[in-house]
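Chains A and B, in that order, are what the protein sequence lines are. Residue numbering for the first sequence follows the numbering used here, starting at 833 and increasing by one per position. Residue numbering for the second sequence follows the numbering used here, starting at 5 and increasing by one per position.
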Amino acid sequence: MINRSLSLKLLSAILIFGAWEISSRSGINYAFPTFFESMSALFDMIVSGLIFKAYAETLKPLVVGVLISTFLGVGIGVWVGLSEKFDWLVSPIFIIMQSAPLAALIPLIIMAYGIGLTSKTFVVCIMAMPVIVLNTSGAVKNTPSSLIEMSKSFLASEREVILKIIIPSASPVIFAGLRLGVSAGFIGAILAELKITPTGVGDIISYSRMTADYPSMYAAIFSIIVLAVIFLNVLERIEKYLFAGNNKGYIS
Amino acid sequence: MNSNQNAVSVKNVYKNYGDVEALRDMTLDFPKGQLTSLLGPSGCGKTTLLKIIAGLLPATKGEVYVNNQLVTTPGPDRAFVFQDFALMPWASVIRNVAFGLELRNVNKSEREDIARKYITQVGLSGFENSFPHELSGGMRQRVGLARALSVDSPVLLMDEPFSAVDEQTRRKFQEDLLDLVKNENKTFIFVTHSIEEAVYVSDQIAILLPRPSRVSEIIRPSGFRNKDADSIRKDSEYLDTVEGIWKSLRSYVE
Chain A
833 MINRSLSLKL
843 LSAILIFGAW
853 EISSRSGINY
863 AFPTFFESMS
873 ALFDMIVSGL
883 IFKAYAETLK
893 PLVVGVLIST
903 FLGVGIGVWV
913 GLSEKFDWLV
923 SPIFIIMQSA
933 PLAALIPLII
943 MAYGIGLTSK
953 TFVVCIMAMP
963 VIVLNTSGAV
973 KNTPSSLIEM
983 SKSFLASERE
993 VILKIIIPSA
1003 SPVIFAGLRL
1013 GVSAGFIGAI
1023 LAELKITPTG
1033 VGDIISYSRM
1043 TADYPSMYAA
1053 IFSIIVLAVI
1063 FLNVLERIEK
1073 YLFAGNNKGY
1083 IS
Chain B
5 MNSNQNAVSV
15 KNVYKNYGDV
25 EALRDMTLDF
35 PKGQLTSLLG
45 PSGCGKTTLL
55 KIIAGLLPAT
65 KGEVYVNNQL
75 VTTPGPDRAF
85 VFQDFALMPW
95 ASVIRNVAFG
105 LELRNVNKSE
115 REDIARKYIT
125 QVGLSGFENS
135 FPHELSGGMR
145 QRVGLARALS
155 VDSPVLLMDE
165 PFSAVDEQTR
175 RKFQEDLLDL
185 VKNENKTFIF
195 VTHSIEEAVY
205 VSDQIAILLP
215 RPSRVSEIIR
225 PSGFRNKDAD
235 SIRKDSEYLD
245 TVEGIWKSLR
255 SYVE
């Protein structure tokens, strides 16, 4: 079975990269390099170490922002889910944040926090946090009442109800929110580098676009997608490790 | 009967949900070491009464005594078996069974030893590390039962525990329950809507009538209690009791 799913994954990759290669060779646009040109540009960047230097820059606001969003977001989400008053107070903010076009806020953020790491981290946070908070609070509110009753009848304290029932029970949806939040965080990190000051991978993208070095530009975009996929896979591993029984969905 | 022989006493309990009167002036005694069924049509408040005894719901008025102690919250003297099993899907069978002890801060190796003993007793040995989704409905309820037994409370509260399992499993459960009542020195309070089930397993049956809920009758089937599991279902007193209860309840079933 593992071999079969692996071979299907490989087939899927070959199909997509093949389509990329063919459509580029058919000459749609001179600014659209072939798959192999892009990969050799990526290889050059790896050899020269340029890509690692770039990621050292890009990962700073990304990792810091994602970590802040995760802990703060899950914390606020649990609180919102537990307290109706806090829900009324805080939920509207995150619902508006989720629907607002963030790019429009970037000039304001620059005015407030300058063009350094703080602003970029802030952009990552406001991209990632709303979905984490909203998913977490929704999941906490939907904890099966029979599980809460069960824990109370076996003498759980309020704290134990939260830690041993509500959070584990909400974890699948919390992790779904984290996955969406992390993807949004990636968008935020690149957006910040394109919009605020060109550094890291955003710098490679905008510089190679200006110098018409399209293979490098696509190589940088490709690398960020690969990194995002790896990130999400790691997150999934963490979830499987923490909550083994959740693998098979929800039935009680 | 003096109060020392009653494990649980419910005295003049009222329960209102807003304007709706769910229980009115309910008074009922549950003798020690016996199984008492709360039987009645749906909406008669039997689960409400059970949850008030468990301390999961506050009574609007009135008192509940467990071993002559007034109780208003859940306590170590009562354990609950849930209709929908209420197992934690993220936890293995052994952690689910040991959960009551985990909340009582029993250390891990000790509580797992106790849990293993009860997992074997309910016939689930070999499934310690399975997860609830890997078990059938009947096996899940066995986990729920083992969890309630492992905290060793003198009173066991069972809320329609067999209503979500199939008919064959249900019969087996009823027979196992008779053994359990005989062998464990515990008091059982058993909510059911099945007349046959109530008559089959109970030492005492309290028939509740709805709107507002009240005890209409207490029946103590005695003649066939010592017969073996198979002959009870053919016993004439058993059949007459079932018939009699149905006659008094039928007018309340719409």
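We treat Cβ as the ideally placed atom computed from N, Cα and C, and that holds for glycine. Quick caveat: nothing in here was measured; it's all calculated off a predicted structure.
Are the CB atoms of residue i and residue j nearer to each other than 9 Å?
{"i": "LEU182(B)", "j": "VAL85(B)", "result": "no"}
{"i": "PHE1075(A)", "j": "SER983(A)", "result": "no"}
{"i": "VAL963(A)", "j": "VAL896(A)", "result": "no"}
{"i": "GLN38(B)", "j": "VAL155(B)", "result": "no"}
{"i": "THR196(B)", "j": "LEU42(B)", "result": "yes"}
{"i": "GLY3(B)", "j": "SER217(B)", "result": "Here chain B has residues from 5 to 258 only, and residue 3(B) is not among them."}
{"i": "VAL898(A)", "j": "THR968(A)", "result": "no"}
{"i": "LEU160(B)", "j": "PHE192(B)", "result": "yes"}
{"i": "GLU889(A)", "j": "GLY1017(A)", "result": "no"}
{"i": "MET961(A)", "j": "PHE926(A)", "result": "yes"}
{"i": "GLN208(B)", "j": "PHE177(B)", "result": "no"}
{"i": "GLY1013(A)", "j": "SER901(A)", "result": "yes"}
{"i": "SER858(A)", "j": "PHE867(A)", "result": "no"}
{"i": "GLU221(B)", "j": "ALA210(B)", "result": "yes"}
{"i": "PRO1030(A)", "j": "SER1038(A)", "result": "yes"}
{"i": "ALA886(A)", "j": "SER951(A)", "result": "no"}
{"i": "PHE89(B)", "j": "ALA26(B)", "result": "no"}
{"i": "ASP163(B)", "j": "LEU91(B)", "result": "no"}
{"i": "VAL70(B)", "j": "ALA11(B)", "result": "yes"}
Secondary structure at residue i, three-state DSSP: helix, strand or coil?
{"i": "PHE110(B)", "result": "The amino acid at residue 110(B) is misidentified as Phe; the sequence shows Val. VAL110(B): coil per DSSP, three-state reduction."}
{"i": "ASN6(B)", "result": "With a pLDDT of 48 at ASN6(B), under the threshold of 50, the modelled position of that residue is not reliable, and no figure is offered here."}
{"i": "PRO35(B)", "result": "strand"}
{"i": "LEU128(B)", "result": "coil"}
{"i": "TYR862(A)", "result": "coil"}
{"i": "LEU91(B)", "result": "coil"}
{"i": "ARG218(B)", "result": "strand"}
{"i": "ILE1083(A)", "result": "Model confidence at ILE1083(A) stands at a pLDDT of 38, short of 50, so the residue's coordinates are unreliable; what they give is reported in the following sentence. In the structure shown, ILE1083(A) sits in coil (DSSP, three-state: anything other than H, G, I, E or B)."}
{"i": "VAL1061(A)", "result": "helix"}
{"i": "ASP117(B)", "result": "helix"}
{"i": "VAL266(B)", "result": "Since the first residue of chain B shown is 5 and the last is 258, residue 266(B) is not available in this structure."}
{"i": "SER46(B)", "result": "coil"}
{"i": "GLU200(B)", "result": "helix"}
{"i": "ASN835(A)", "result": "helix"}
{"i": "ALA935(A)", "result": "helix"}
{"i": "ILE947(A)", "result": "coil"}
{"i": "VAL211(B)", "result": "The residue asked about is misnamed: residue 211(B) is Ile in this sequence, not Val. ILE211(B) falls in the strand class under three-state DSSP."}
{"i": "ALA26(B)", "result": "strand"}
{"i": "THR1029(A)", "result": "coil"}
{"i": "GLY104(B)", "result": "helix"}
{"i": "GLU164(B)", "result": "coil"}
{"i": "LYS186(B)", "result": "helix"}
{"i": "ALA1052(A)", "result": "helix"}
{"i": "VAL993(A)", "result": "helix"}
Can you name the residues of chain A whose CB is closer than 8 Å to the CB of residue i?
{"i": "PRO80(B)", "result": "LEU987"}
Give the residues of chain A in contact with residue i, contact being defined as C-beta atoms less than 7 Å apart.
{"i": "LEU60(B)", "result": "GLU981, LYS984 and SER985"}
{"i": "ARG108(B)", "result": "LEU987"}
Quick one: which chain A residues come within Cβ less than 9 Å of residue i?
{"i": "VAL155(B)", "result": "PHE986 and LEU987"}
{"i": "PHE84(B)", "result": "GLU981, MET982, SER985 and PHE986"}
Under 7 Å Cβ-Cβ, which residues of chain B neighbour residue i?
{"i": "GLU992(A)", "result": "LEU107"}
Segment contact flag, the region 996-1006 of chain A with the region 935-952 of chain A, C-beta cutoff 8 Å, min 3 pairs: no
Three or more C-beta pairs below 8 Å linking the region 112-131 of chain B and the region 60-67 of chain B: no
The region 959-979 of chain A in contact with the region 907-916 of chain A per 3-pair CB rule at 8 Å: yes
Cβ pair count under 8 Å reaching 3, the region 16-36 of chain B against the region 1057-1064 of chain A: no
Positions along the region 239-253 of chain B whose CB lies within less than 9 Å of some CB in chain A: none
The region 93-105 of chain B: positions lying closer than 8 Å to chain A by Cβ: PRO93, TRP94, ALA95, SER96, PHE103 and GLY104
Where the region 998-1015 of chain A meets chain B: residues whose CB sits under 8 Å from a CB there: PRO1000, SER1001 and SER1003
Stretch-stretch touch, CB-based, cutoff 8 Å, three pairs: the region 70-86 of chain B with the region 155-175 of chain B: yes
At least three beta-carbon pairs within less than 8 Å, the region 17-26 of chain B to the region 1036-1056 of chain A: no
Given 8 Å, three or more beta-carbon pairs between the region 187-202 of chain B and the region 97-106 of chain B: no
Meets three-Cβ-pair contact criterion under 8 Å: the region 1039-1049 of chain A and the region 857-874 of chain A: yes
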